[in-house]
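Below: the structure, in structure tokens.
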Amino acid sequence: MSDTTQDGAVAVSDRPSPDDGLSAAELAGKYGLAVSGARPGLVEYVRQLWGRRHFILAFSQAKLTAQYSQAKLGQLWQVATPLLNAAVYYFIFGLILKASRGMSHDTYIPFLVTGVFVFTFTQNSIMAGVRAISGNLGLVRALHFPRASLPISFALQQLQQLLFSMLVLFVVVVAFGSYPGLSWLLIVPVLALQFLFNTGLSLIVARLGAKTPDLAQLMPFILRTWMYSSGVMFSISNLLAGRPEWVIRALQVNPAAIYMDLMRYALIDGYGASHLPPHVWAIAIFWAVLVGAGGFVYFWKAEERYGRG
Numbered sequence: 001m002s003d004t005t006q007d008g009a010v011a012v013s014d015r016p017s018p019d020d021g022l023s024a025a026e027l028a029g030k031y032g033l034a035v036s037g038a039r040p041g042l043v044e045y046v047r048q049l050w051g052r053r054h055f056i057l058a059f060s061q062a063k064l065t066a067q068y069s070q071a072k073l074g075q076l077w078q079v080a081t082p083l084l085n086a087a088v089y090y091f092i093f094g095l096i097l098k099a100s101r102g103m104s105h106d107t108y109i110p111f112l113v114t115g116v117f118v119f120t121f122t123q124n125s126i127m128a129g130v131r132a133i134s135g136n137l138g139l140v141r142a143l144h145f146p147r148a149s150l151p152i153s154f155a156l157q158q159l160q161q162l163l164f165s166m167l168v169l170f171v172v173v174v175a176f177g178s179y180p181g182l183s184w185l186l187i188v189p190v191l192a193l194q195f196l197f198n199t200g201l202s203l204i205v206a207r208l209g210a211k212t213p214d215l216a217q218l219m220p221f222i223l224r225t226w227m228y229s230s231g232v233m234f235s236i237s238n239l240l241a242g243r244p245e246w247v248i249r250a251l252q253v254n255p256a257a258i259y260m261d262l263m264r265y266a267l268i269d270g271y272g273a274s275h276l277p278p279h280v281w282a283i284a285i286f287w288a289v290l291v292g293a294g295g296f297v298y299f300w301k302a303e304e305r306y307g308r309g
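Letter by letter, the sequence shown follows residues 1 to 309 of full-length UniProt numbering.
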């Protein structure tokens, strides 16, 4: 556009832009732009995670290998740590406090070792998950990938560690008179449900830990309280015999107790169905689906905020 001035010169003015008056969102939509790191839809997010499955597996294996790389005994600490914990708990609860009441010696020791191994699986998944984002900010800020890959890979790392440790657990169980049978097949669905539950918890605490890193310092106290109320060192039904039924049931349906007792029922001949709450499998599935799916959605909702600020 041009105009003639008083002295006859021609002045050229800018033409109005077709983008004048458009908001930032309208401009982005017009030119096909998207916010960097924006949260994708839930279905698309799942598809992206599936596309990163090789990274998730490789990352979990690398973390597992590096975990004890500086120790002389190396990977043997994966087994030695829960075994030493079980030995300490046996001395305190089995010998001093007589928490084995209602169970024979040959039943209580595999009962205790199984409880320690299974609860450690959940405990370590949570402790790894709470630092999954806050402890890997360099990776989160440098690369674009579904952030759920990190807590899922840490939960997978703990599953691999448990599978390695269970070879020793089998030896302990057999040494005290419980031999492989059809009930041992239940180990597979129990571990699958517990892994789904642990992964959901790992995702939940990963989001909380990303916003509040100090949660990692508080979590050991929460987990210790959970452990003492879950029957790791004692049978809930035996120790609380004579107490109100609702108190016993409330402790038995606690998810940590559910997965421990199902594993004990599968492995130990002297640990029968009388120690399990009614509808135990339905409760195990309920916790796995509720926490697994709920934790995934809860983590996904904050996807675009991880690593910022």
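Note that the Cβ used here is the ideal one computed from N, Cα and C, for glycine as well.
Can residue 283 be considered in contact with the ligand FAD, in the sense that its beta carbon sits closer than 7 Å to one or more heavy atoms?
-> This structure lacks the ligand FAD, and indeed carries no ligand of any kind.
Could you tell me whether the Cβ atoms of residue 207 and residue 128 are closer together than 8 Å?
-> Reading the sequence shown from its first residue, position 207 is the one you call residue 207. Reading the sequence shown from its first residue, position 128 is the one you call residue 128. No, Cβ-Cβ distance for residue 207 and residue 128 is not below 8 Å.
Roughly how many whole angstroms lie between the Cα atoms of residue 38 and residue 305?
-> Position 38 of the sequence shown, counting from 1, holds the residue named residue 38. Position 305 of the sequence shown, counting from 1, holds the residue named residue 305. Distance between the alpha carbons of residue 38 and residue 305 is about 9 Å.
What first and last residue would you give for the alpha helix (DSSP H) that runs through residue 141?
-> Counting from 1 along the sequence shown, the entry for residue 141 is found at position 141. First-last of the alpha helix (DSSP H) with residue 141: 137-142.
DSSP state of residue 258 mapped onto helix, strand, coil = Along the sequence shown, read from residue 1 onward, the residue named residue 258 stands at position 258. Reduced to three states, the DSSP call for residue 258 is helix.
With a threshold of 16 other CB atoms inside 10 Å of the CB of residue 122, please say whether the residue is buried or exposed.
-> Position 122 of the sequence shown holds residue 122. Buried is the call here.
C-alpha gap between residue 102 and residue 238, whole angstroms = Reading the sequence shown from its first residue, position 102 is the one you call residue 102. Reading the sequence shown from its first residue, position 238 is the one you call residue 238. Cα to Cα, residue 102 sits roughly 6 Å from residue 238.
Please go through the same chain and pick out, in chain order, the residues whose beta-carbon is closer than 8 Å to the beta-carbon of residue 363, but skip the five residues on each side of it.
-> Given that the chain is displayed from residue 1 to residue 309, the structure contains no residue 363 and the question cannot be resolved.
Give me the Cα-Cα distance between residue 200 and residue 297, rounded to the nearest whole angstrom.
-> Sequence index remark: in the sequence shown, residue 200 carries index 200 (1-based). Sequence index remark: in the sequence shown, residue 297 carries index 297 (1-based). So the alpha carbons of these two residues sit roughly 9 Å apart.
Determine the direct distance from the alpha carbon of residue 94 to that of residue 236, and round the result to whole angstroms.
-> As a first step, residue 236 is located in the sequence shown; it is residue number 236 there, counting from the start. As a first step, residue 94 is located in the sequence shown; it is residue number 94 there, counting from the start. Those two C-alpha atoms are separated by around 14 Å.
Three-state class that DSSP yields for residue 103 in the structure shown = Your numbering for residue 103 matches position 103 in the sequence shown. Note: residue 103 maps to coil in three-state DSSP.
Reducing DSSP to helix, strand and coil, say where residue 268 ends up.
-> Translated into the one-based positions of the sequence shown, residue 268 becomes position 268. In the structure shown, residue 268 sits in coil (DSSP, three-state: anything other than H, G, I, E or B).
Residue 256 versus residue 227: straight-line alpha-carbon distance, rounded | For the purposes of this step, residue 256 is identified with residue 256 of the sequence shown, where counting begins at 1. For the purposes of this step, residue 227 is identified with residue 227 of the sequence shown, where counting begins at 1. Taking the straight line joining both Cα atoms gives about 8 Å.
Pull up the distance between the alpha-carbon of residue 83 and that of residue 113, whole angstroms please.
-> Sequence index remark: in the sequence shown, residue 83 carries index 83 (1-based). Sequence index remark: in the sequence shown, residue 113 carries index 113 (1-based). Cα to Cα, residue 83 sits roughly 7 Å from residue 113.
Per DSSP, what kind of secondary structure is residue 306 in: helix, strand or coil?
-> Numbered from its first residue, the sequence shown carries residue 306 at position 306. Looking at residue 306 - three-state DSSP - the assignment turns out to be coil, as it is neither helix nor strand.
By Cβ distance below 6 Å, which residues in the same chain neighbour residue 120 in space, the five residues on each side in sequence not counted?
-> For this step, residue 120 is matched to residue 120 along the sequence shown. The answer, listed in chain order, is 82.
Can you name, in chain order, every residue of its own chain whose Cβ lies under 8 Å from the Cβ of residue 85, other than the five neighbours on each side?
-> To locate residue 85, count along the sequence shown from 1; it is residue 85. Only 116 and 120 meet the Cβ criterion.
Three CB pairs or more closer than 8 Å across the stretch 190-204 and the stretch 276-292 = yes
Would you check if there are 3 or more beta carbon pairs closer than 8 Å linking the stretch 48-60 to the stretch 134-150?
-> yes
Closest to residue 135 by CA distance: which of 40, 225 and 205 is it?
-> Stepping through the sequence shown from its first residue, residue 135 is reached at position 135. Residue 205 is the option with its Cα nearest to residue 135.
Compare the C-alpha of residue 254 against each of 231, 274 and 263 and name the closest.
-> Taking the first residue of the sequence shown as position 1, residue 254 is located at position 254. Looking at the Cα atoms, 231 is the closest of the given residues.
Endpoints, alpha helix (DSSP H) assigned at residue 281 | Taking the sequence shown and counting its residues from 1, one reaches residue 281 at position 281. Element bounds for residue 281: 280-300.
Range of the contiguous alpha helix (DSSP H) that encloses residue 131 = Sequence index remark: in the sequence shown, residue 131 carries index 131 (1-based). Counting along the chain, residue 131 falls outside any alpha helix (DSSP H), and DSSP gives it neither H nor E.
Nearest-angstrom Cα separation, counted from residue 209 out to residue 215 = Within the sequence shown, the letter at position 215 stands for residue 215. Within the sequence shown, the letter at position 209 stands for residue 209. Looking at the two C-alpha atoms, the distance is approximately 6 Å.
With distances taken Cα to Cα, identify the nearest neighbour of residue 66 among 157, 96 and 110.
-> In the sequence shown, the residue the question calls residue 66 occupies position 66. Cα-wise, what sits closest to residue 66 is 157.
What first and last residue would you give for the alpha helix (DSSP H) that runs through residue 54?
-> Position 54 of the sequence shown, counted from the first residue, corresponds to residue 54. Start and end: 53-67.
By how many angstroms is the C-alpha of residue 42 removed from the C-alpha of residue 244?
-> If you number the sequence shown from 1, residue 244 lands on position 244. If you number the sequence shown from 1, residue 42 lands on position 42. Taking the straight line from one Cα to the other gives about 44 Å.
Secondary structure at residue 45, three-state DSSP: helix, strand or coil?
-> Along the sequence shown, read from residue 1 onward, the residue named residue 45 stands at position 45. The answer is helix: DSSP assigns residue 45 an H, G or I state.
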